[in-house]
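Asker: One structure coming up, written as structure tokens, with questions to follow.
2 protein chains.
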Amino acid sequence: MVSPIDPTSTAFLLAENRNMPMHVGALELFKKPEGAGRHYVREMFESMRDVDEVAPLFLKRPYRSARTAGQLVWRPDEQFDIEHHVRHSALPKPGRVRELLELCSRLHSTRLAWERPLWEAHVIEGLRDGRVAMYIKTHHALVDGVSAMRLLASVLSTDPDKREMPAPWARTPERPKTSQERDKAEHAAGDVPVQALRTALGVSAEAAGLPGALVKTLRKSLRNETSPLSLYAPRTILNQTITGSRRFAAQDWPIERLRAVGKATGTTINDVVITMCSGALRTYLLDLKALPEQSMVAMVPVGLKAQQSHLPSAEGGNAVGSIMVQMGTQLADPGDRLQAVHRSMRDGKEALASMTPVQILAMSAVGQAPAILTPVLRMQGLVRPPYNVIISNVPGPRTTHYWNGAQLLGTYPLSIPINGMALNITCTSYDGLMCFGLTGCRRTVPHLQVLLTYLDDELKALEKVAGV
Amino acid sequence: MVSPIDPTSTAFLLAENRNMPMHVGALELFKKPEGAGRHYVREMFESMRDVDEVAPLFLKRPYRSARTAGQLVWRPDEQFDIEHHVRHSALPKPGRVRELLELCSRLHSTRLAWERPLWEAHVIEGLRDGRVAMYIKTHHALVDGVSAMRLLASVLSTDPDKREMPAPWARTPERPKTSQERDKAEHAAGDVPVQALRTALGVSAEAAGLPGALVKTLRKSLRNETSPLSLYAPRTILNQTITGSRRFAAQDWPIERLRAVGKATGTTINDVVITMCSGALRTYLLDLKALPEQSMVAMVPVGLKAQQSHLPSAEGGNAVGSIMVQMGTQLADPGDRLQAVHRSMRDGKEALASMTPVQILAMSAVGQAPAILTPVLRMQGLVRPPYNVIISNVPGPRTTHYWNGAQLLGTYPLSIPINGMALNITCTSYDGLMCFGLTGCRRTVPHLQVLLTYLDDELKALEKVAGV
Chain A
0 MVSPIDPTST AFLLAENRNM PMHVGALELF KKPEGAGRHY VREMFESMRD VDEVAPLFLK
60 RPYRSARTAG QLVWRPDEQF DIEHHVRHSA LPKPGRVREL LELCSRLHST RLAWERPLWE
120 AHVIEGLRDG RVAMYIKTHH ALVDGVSAMR LLASVLSTDP DKREMPAPWA RTPERPKTSQ
180 ERDKAEHAAG DVPVQALRTA LGVSAEAAGL PGALVKTLRK SLRNETSPLS LYAPRTILNQ
240 TITGSRRFAA QDWPIERLRA VGKATGTTIN DVVITMCSGA LRTYLLDLKA LPEQSMVAMV
300 PVGLKAQQSH LPSAEGGNAV GSIMVQMGTQ LADPGDRLQA VHRSMRDGKE ALASMTPVQI
360 LAMSAVGQAP AILTPVLRMQ GLVRPPYNVI ISNVPGPRTT HYWNGAQLLG TYPLSIPING
420 MALNITCTSY DGLMCFGLTG CRRTVPHLQV LLTYLDDELK ALEKVAGV
Chain B
0 MVSPIDPTST AFLLAENRNM PMHVGALELF KKPEGAGRHY VREMFESMRD VDEVAPLFLK
60 RPYRSARTAG QLVWRPDEQF DIEHHVRHSA LPKPGRVREL LELCSRLHST RLAWERPLWE
120 AHVIEGLRDG RVAMYIKTHH ALVDGVSAMR LLASVLSTDP DKREMPAPWA RTPERPKTSQ
180 ERDKAEHAAG DVPVQALRTA LGVSAEAAGL PGALVKTLRK SLRNETSPLS LYAPRTILNQ
240 TITGSRRFAA QDWPIERLRA VGKATGTTIN DVVITMCSGA LRTYLLDLKA LPEQSMVAMV
300 PVGLKAQQSH LPSAEGGNAV GSIMVQMGTQ LADPGDRLQA VHRSMRDGKE ALASMTPVQI
360 LAMSAVGQAP AILTPVLRMQ GLVRPPYNVI ISNVPGPRTT HYWNGAQLLG TYPLSIPING
420 MALNITCTSY DGLMCFGLTG CRRTVPHLQV LLTYLDDELK ALEKVAGV
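Structure below.
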């Protein structure tokens with residue numbers, strides 16, 4: 000009863016080591032429903048644990064032996080123990096967000112053991128404001144970050160009165176979607192299609208046999224240092240070998256504030272997100288006397304319409320590309336930084352639109368999977384970092400959602416720092432909020448949480464510049 | 000900077016798998032000192048974490064590569080991260096002992112990853128009675144259970160006013176012992192010397208090259224089914240293949256109650272401990288309609304004076320032997336069970352005293368390390384369980400001890416169930432209490448915690464029989 004593991008997942012499993020656990024996570028905050036009893040969190044945990052049947056995705060584990068000829072395969076865990084995977088935890092006093100982030104940092108630092116299915120969920124009580132938290136961790140070989148956020152969203156409902164709702168890992172008859180939900184899923188702006196992403200990664204995973212066209216594209220982009228697609232960034236302290244210790248910080252801001260800045264300055268919400276990161280990193284590195292003279296470069300995955308990218312797509316979906324955004328960190332003025340980011344994003348989108356499918360695949364491969372592509376980059380003589388930081392923006396549900404009456408207040412992604420890329424910033428939008436999740440190596444990126452303050456400072460500065 | 004791993008430790012590392020994690024644990028309960036502030040537990044955690052220097056034992060991890068010719072060696076963890084090892088946890092509401100035991104069960108179910116030093120310590124708050132708990136987990140390749148309990152005790156003091164005391168993993172100048180403590184350590188009744196234990200295990204670990212004399216001894220003991228040393232027990236549900244899920248239960252009883260029963264019936268405290276287990280297991284298996292007709296057999300490690308055992312000992316210490324105790328589980332009367340256990344223990348001690356050193360080593364080997372000896376036992380054609388349950392009684396400090404003013408209220412051992420031996424009962428005495436720790440496979444030993452009630456019932460029944 001074994002099944003093959005696709006090359007991408009295999010690559011993520013094999014790239015993993017103690018310093019680079021390859022799991023993504025999500026922190027979700029819920030508000031207890033009206034009239035919740037004293038044992039509400041325990042009951043929530045129990046209903047998550049006591050599922051009738053677990054979906055096959057959550058029952059399989061990687062396995063390798065002489066009988067599989069040394070190949071990694073998926074195998075059902077015959078001693079599956081849901082109590083190992085679904086856990087009830089509590090925060091130490093005083094139960095501030097700080098204690099929650101510390102717990103998530105610690106949970107996110109620990110590798111998932113291959114001897115069991117590659118996921119964990121923690122229902123967390125003890126926040127002094129009465130909210131309930133859930134931290135969920137899934138190996139990248141099972142789902143990528145985008146799919147993980149979607150999977151979590153898929154079990155939620157817009158109906159606060161709905162009950163008997165399944166846990167994300169429960170096996171259920173195909174959940175019928177409302178037409179509104181289906182519509183949203185298909186037309187969400189900037190939506191990154193999982194299948195295209197996985198295809199791109201699949202290409203990169205087969206690095207040993209990288210097609211000649213890809214190698215040529217890589218070479219070309221390396222030579223052209225000024226291109227918005229070029230892999231050429233200054234050295235910073237973020238671009239070092241990392242350790243296995245993680246620090247996670249999270250906060251949200253009303254999208255309306257970002258939209259207002261964009262509207263007043265002729266830029267997009269995503270431009271504002273990247274400029275917030277740019278300003279925050281500038282202040283952070285200035286504190287440490289470690290700001291590079293050249294602009295730092297952010298790798299930003301963007302969705303492209305299939306037509307625009309010339310990519311054939313059986314599912315009529317989108318392709319994904321990566322833009323290397325000049326963040327303008329060398330500029331002192333927030334308005335200048337915003338315009339620099341805007342220009343760089345615009346140039347990048349134009350360049351991507353003119354690229355061939357193979358070129359886009361190559362870009363995507365490099366952008367999405369540097370960990371498993373490192374040998375290829377080294378092969379190409381790349382000694383400087385290809386970029387300094389990864390900033391992803393994953394759209395989520397736009398309206399208020401509930402799980403068995405508990406209102407989802409925010410959802411924050413935890414991602415994967417890798418060697419040479421010690422900080423990952425992933426944002427997800429939800430119900431009028433832009434939720435930032437910053438995941439870093441605790442040793443390489445000291446005092447990571449101070450970035451939250453600097454993000455807030457930068458948004459205020461941008462609002463001032465924009466006159467909103 | 001690698002160092003060799005001794006054969007015993009190697010055997011424990013190699014015997015380990017997902018279903019048989021090879022770590023021992025301890026749960027310690029503390030009373031906060033007078034005037035402890037709101038942040039007492041956090042401060043306790045921080046003082047445990049912020050040690051100046053960590054002792055080498057806690058810095059090494061197993062490592063194997065082509066450069067070590069495939070051999071397992073110890074290697075210092077160059078990215079040692081104390082925050083991974085020392086953790087601050089909290090219990091979900093309502094914070095009863097039940098929630099504490101659930102947390103310990105879960106923590107004890109998870110294997111220690113070889114990529115880091117093989118230990119973890121959790122400072123736990125949230126017990127509703129205000130006590131503070133600490134769960135510590137150490138791989139058997141680092142220390143055995145007895146040494147682990149000693150190591151924990153070694154950092155405690157009898158002085159409630161002493162402060163600035165080190166954590167168990169801190170590197171400190173040799174702690175001078177009071178003469179009273181030294182005296183106690185050397186003369187504690189039934190004290191099991193660690194070195195002798197490890198020597199015995201070392202013999203067993205070299206099972207592939209088991210000396211002819213040992214094999215002969217094993218054969219002989221197998222043939223003689225009535226001997227108190229024979230490896231011949233009825234099948235029970237406890238003697239099955241286990242899974243990796245653990246359940247831990249713990250409780251203590253005043254030693255004075257056990258002593259009174261012993262005094263009135265001419266038996267020892269240890270006889271009473273074993274009879275409590277016998278009666279509890281009888282009731283438990285009757286509930287499940289699974290009580291065997293024959294008496295169940297407990298493997299009980301006992302300390303022997305070096306002289307008595309004819310064993311040369313460089314350190315003037317003791318040897319350790321194992322007695323296969325007929326528990327009298329087939330007898331309905333508690334008094335009859337106590338006498339049966341007493342006779343069996345007495346016969347076993349006499350038999351051990353008449354054995355040669357090699358025979359004792361063979362017994363110890365089988366008794367202490369069935370996990371790593373399984374191939375040998377199978378080689379000898381042993382198809383029935385050699386015994387049904389392991390019951391150890393490890394003496395601990397007799398007086399009240401403190402850590403930085405926090406009074407140690409009780410200390411409960413968590414041990415290692417193995418395939419065929421799904422339940423381990425380890426007791427440790429402390430400050431007038433006999434502290435029981437029951438560690439079992441959650442699936443093979445359902446409702447493990449009910450055994451605590453049955454242990455209590457049995458002690459009451461024995462008191463009635465003894466007229467005390």
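Going line by line, the protein sequences match chains A and B.
The opening position of the first sequence corresponds to residue 0 in numbering that gives the first Met the number 0, with each subsequent residue numbered one higher.
The opening position of the second sequence corresponds to residue 0 in numbering that gives the first Met the number 0, with each subsequent residue numbered one higher.
Beta carbons are placed, not taken as given, at the ideal position from N, Cα and C, and that holds for glycine.
(1) Compute the beta-carbon to beta-carbon distance between residue 387 (chain B) and residue 295 (chain B), rounded to the nearest angstrom, for a pair I have assumed lies under 8 Å.
(2) Do the region 19-28 of chain A and the region 104-112 of chain A make contact, defined as three or more Cβ pairs closer than 8 Å?
(3) Kindly indicate if chain B contains any beta-carbon less than 8 Å away from that of residue 24 (chain A).
(4) Contact between the region 337-344 of chain A and the region 267-279 of chain A is defined here as three or more beta-carbon pairs at a separation below 8 Å; is this criterion met?
(5) Thinking C-alpha only, which one of B:460, B:410, B:10 is nearest residue 430 (chain B)?
(6) Which value, in whole angstroms, describes the spacing of the CA atoms of residue 331 (chain A) and residue 466 (chain A)?
(7) On the three-pair Cβ rule with 8 Å, is the region 236-250 of chain B touching the region 427-446 of chain B?
(8) Please tell me whether residue 465 (chain A) has its Cβ less than 8 Å away from any Cβ of chain B.
(9) Candidates A:81, A:394, A:283: which alpha carbon is nearest residue 449 (chain A)'s?
(10) According to DSSP, is residue 338 (chain A) helix, strand or coil?
(11) Is residue 124 (chain A) close to chain D? Criterion is C-beta to C-beta, closer than 8 Å.
(12) How would you list, in chain order, the residues of chain A whose beta-carbon sits under 7 Å from the beta-carbon of residue 92 (chain B)?
(13) Could you pull the DSSP bridge partners for residue 423 (chain A) from this structure?
(14) By how many angstroms is the C-alpha of residue 4 (chain A) removed from the C-alpha of residue 141 (chain A)?
(15) Which first and last residues belong to the beta strand (DSSP E) in which residue 6 (chain A) is found?
(16) Can you round the beta-carbon distance between residue 131 (chain B) and residue 43 (chain B) to whole angstroms, since I take them to be within the 8 Å contact cut?
(17) For residue 156 (chain A), which residues in chain B fall below 7 Å Cβ to Cβ?
(18) Between the region 23-34 of chain A and the region 397-412 of chain A, are three or more C-beta pairs nearer than 8 Å?
(19) Any C-beta of chain A within less than 8 Å: which residues of the region 103-130 of chain B qualify?
(20) Among all the DSSP beta bridges, which residues are the ones paired with residue 251 (chain A)?
(21) At what residues does the alpha helix (DSSP H) containing residue 463 (chain A) begin and finish?
(22) Rank B:2, B:464, B:81, B:133 by C-alpha distance to the C-alpha of residue 263 (chain B) and give the top, closest one.
(23) Taking only beta carbons into account, state which residues of the region 234-252 of chain A come closer than 9 Å to chain B, listed in chain order.
(24) Could you compute how far the alpha carbon of residue 434 (chain B) sits from the alpha carbon of residue 254 (chain B)?
(25) Look at the alpha carbon of residue 266 (chain B) and the alpha carbon of residue 333 (chain B), and state the distance between them as a whole number of angstroms.
(26) Kindly indicate if chain B contains any beta-carbon less than 8 Å away from that of residue 40 (chain A).
(27) Name the residue from B:443, B:233, B:100 whose alpha carbon lies nearest to the alpha carbon of residue 292 (chain B).
(28) Which residue from A:345, A:167, A:259, A:147 puts its Cα closest to that of residue 395 (chain A)?
(29) Just the C-alpha distance for residue 287 (chain A) and residue 452 (chain A), rounded to the nearest angstrom, thanks.
(30) When you compare the CB positions of residue 77 (chain A) and residue 90 (chain A), do they come within less than 8 Å of one another, or not?
(31) Inspect the CB distances between the region 113-127 of chain A and the region 60-73 of chain A and report whether three or more fall short of 8 Å.
(32) Return the CA-CA distance between residue 260 (chain B) and residue 414 (chain B), expressed in angstroms with no decimal places.
(33) Could you check which residue in B:71, B:412, B:290 has the C-alpha nearest to that of residue 328 (chain B)?
(34) Give me the Cα-Cα distance between residue 52 (chain A) and residue 85 (chain B), rounded to the nearest whole angstrom.
(35) Express the C-alpha separation of residue 12 (chain A) and residue 67 (chain A) in angstroms, rounding to a whole number.
(36) Taking only runs that begin and end inside the region 10-93 of chain A, name each unbroken alpha helix (DSSP H) of 4 or more residues, in chain order.
Answerer: With the given structure in hand:
(1) Along the second sequence, read from residue 1 onward, the residue named residue 387 (chain B) stands at position 388. Along the second sequence, read from residue 1 onward, the residue named residue 295 (chain B) stands at position 296. About 4 Å separates the beta carbon of residue 387 (chain B) from that of residue 295 (chain B), a gap short enough to meet the 8 Å contact definition.
(2) A contact exists between the region 19-28 of chain A and the region 104-112 of chain A.
(3) To locate residue 24 (chain A), count along the first sequence from 1; it is residue 25. Chain B, which has no Cβ nearer than 8 Å to the Cβ of residue 24 (chain A), makes this no.
(4) Result yes; three or more Cβ-Cβ pairs closer than 8 Å.
(5) Here residue 430 (chain B) refers to the residue found at position 431 when the second sequence is read from its first residue. For residue 430 (chain B), the closest of B:460, B:410, B:10 by C-alpha to C-alpha distance is B:410.
(6) If you number the first sequence from 1, residue 331 (chain A) lands on position 332. If you number the first sequence from 1, residue 466 (chain A) lands on position 467. If I take the Cα positions, the gap works out to 18 Å.
(7) Taking 8 Å as the limit for Cβ pairs, the verdict is that the region 427-446 of chain B does touch the region 236-250 of chain B.
(8) The residue given as residue 465 (chain A) occupies position 466 in the first sequence. Cβ-Cβ to chain B under 8 Å: no for residue 465 (chain A).
(9) Here residue 449 (chain A) is taken as the residue at index 450 of the first sequence, counted from 1. Nearest C-alpha to residue 449 (chain A): A:283.
(10) Working through the first sequence from its first residue, we reach residue 338 (chain A) at position 339. Residue state for residue 338 (chain A) is assigned as helix, using DSSP reduced to three classes.
(11) Absent here is chain D; the protein component of the structure consists of chains A and B.
(12) Taking the second sequence and counting its residues from 1, one reaches residue 92 (chain B) at position 93. Chain order gives the chain A residues near residue 92 (chain B) as 124, where near means a beta carbon separation below 7 Å.
(13) Working through the first sequence from its first residue, we reach residue 423 (chain A) at position 424. In the DSSP output, where bridge partners are listed per residue, residue 423 (chain A) has A:389, A:438.
(14) Translated into positions along the first sequence, residue 141 (chain A) becomes position 142. Translated into positions along the first sequence, residue 4 (chain A) becomes position 5. Taking the CA atoms as reference points, residue 141 (chain A) sits about 10 Å from residue 4 (chain A).
(15) As a working note, residue 6 (chain A) is residue 7 in the first sequence. The continuous stretches of beta strand (DSSP E) do not include residue 6 (chain A), which lies in the alpha helix (DSSP H) extending over residues 6-14.
(16) On the second sequence, position 132 is the one that residue 131 (chain B) refers to. On the second sequence, position 44 is the one that residue 43 (chain B) refers to. Right, the Cβ-Cβ distance comes to about 7 Å (below 8 Å), so this counts as a contact.
(17) Looking up residue 156 (chain A) in the first sequence gives position 157. Within chain B, no residue comes near residue 156 (chain A); the closest Cβ sits about 26 Å away, beyond 7 Å.
(18) Contact between the region 23-34 of chain A and the region 397-412 of chain A is present, with at least three C-beta pairs closer than 8 Å.
(19) Hits within the stretch, in order: 105, 108, 109, 110, 112, 114, 115, 124, 125.
(20) One-based indexing of the first sequence puts residue 251 (chain A) at position 252. According to DSSP, residue 251 (chain A) shares a beta bridge with A:434.
(21) Within the first sequence, numbered from 1, the residue matching residue 463 (chain A) stands at position 464. It spans 449-465 - the alpha helix (DSSP H) in which residue 463 (chain A) sits, taken as one unbroken run.
(22) As a working mapping, residue 263 (chain B) is identified with position 264 in the second sequence. Of B:2, B:464, B:81, B:133, the residue nearest in Cα terms is B:464.
(23) Going along the region 234-252 of chain A in chain order, one finds 242, 243, 244 with a Cβ nearer than 9 Å to chain B.
(24) As a working note, residue 434 (chain B) is residue 435 in the second sequence. As a working note, residue 254 (chain B) is residue 255 in the second sequence. In this model, residue 434 (chain B) and residue 254 (chain B) are separated by some 9 Å (Cα to Cα).
(25) Looking up residue 266 (chain B) in the second sequence gives position 267. Looking up residue 333 (chain B) in the second sequence gives position 334. Here the C-alpha atom of residue 266 (chain B) lies approximately 13 Å from the C-alpha atom of residue 333 (chain B).
(26) Numbered from its first residue, the first sequence carries residue 40 (chain A) at position 41. At least one CB atom of chain B sits nearer than 8 Å to the CB of residue 40 (chain A).
(27) Locating residue 292 (chain B) in the second sequence gives position 293, counting from the first residue. Of B:443, B:233, B:100, the smallest CA-CA separation from residue 292 (chain B) is found for B:233.
(28) Taking the first sequence and counting its residues from 1, one reaches residue 395 (chain A) at position 396. Taking only the C-alpha atoms, the option nearest residue 395 (chain A) is A:147.
(29) Along the first sequence, one-based indexing puts residue 287 (chain A) at 288. Along the first sequence, one-based indexing puts residue 452 (chain A) at 453. Distance between the alpha carbons of residue 287 (chain A) and residue 452 (chain A) is about 16 Å.
(30) The count along the first sequence starts at 1 and reaches residue 77 (chain A) at position 78. The count along the first sequence starts at 1 and reaches residue 90 (chain A) at position 91. Cβ atoms of residue 77 (chain A) and residue 90 (chain A): not closer than 8 Å.
(31) Contact between the region 113-127 of chain A and the region 60-73 of chain A is present, because at least three Cβ pairs lie under 8 Å.
(32) Here residue 260 (chain B) refers to the residue found at position 261 of the second sequence. Here residue 414 (chain B) refers to the residue found at position 415 of the second sequence. So the two alpha carbons sit approximately 27 Å from each other.
(33) Here residue 328 (chain B) refers to the residue found at position 329 when the second sequence is read from its first residue. It is B:290.
(34) Within the first sequence, the letter at position 53 stands for residue 52 (chain A). Within the second sequence, the letter at position 86 stands for residue 85 (chain B). Approximately 36 Å, taken between the alpha carbons.
(35) Here residue 67 (chain A) refers to the residue found at position 68 of the first sequence. Here residue 12 (chain A) refers to the residue found at position 13 of the first sequence. If you take the alpha carbons of residue 67 (chain A) and residue 12 (chain A), they lie about 16 Å apart.
(36) With a minimum length of 4 residues, the continuous alpha helix (DSSP H) runs that stay inside the region 10-93 of chain A are 39-48, 81-84.
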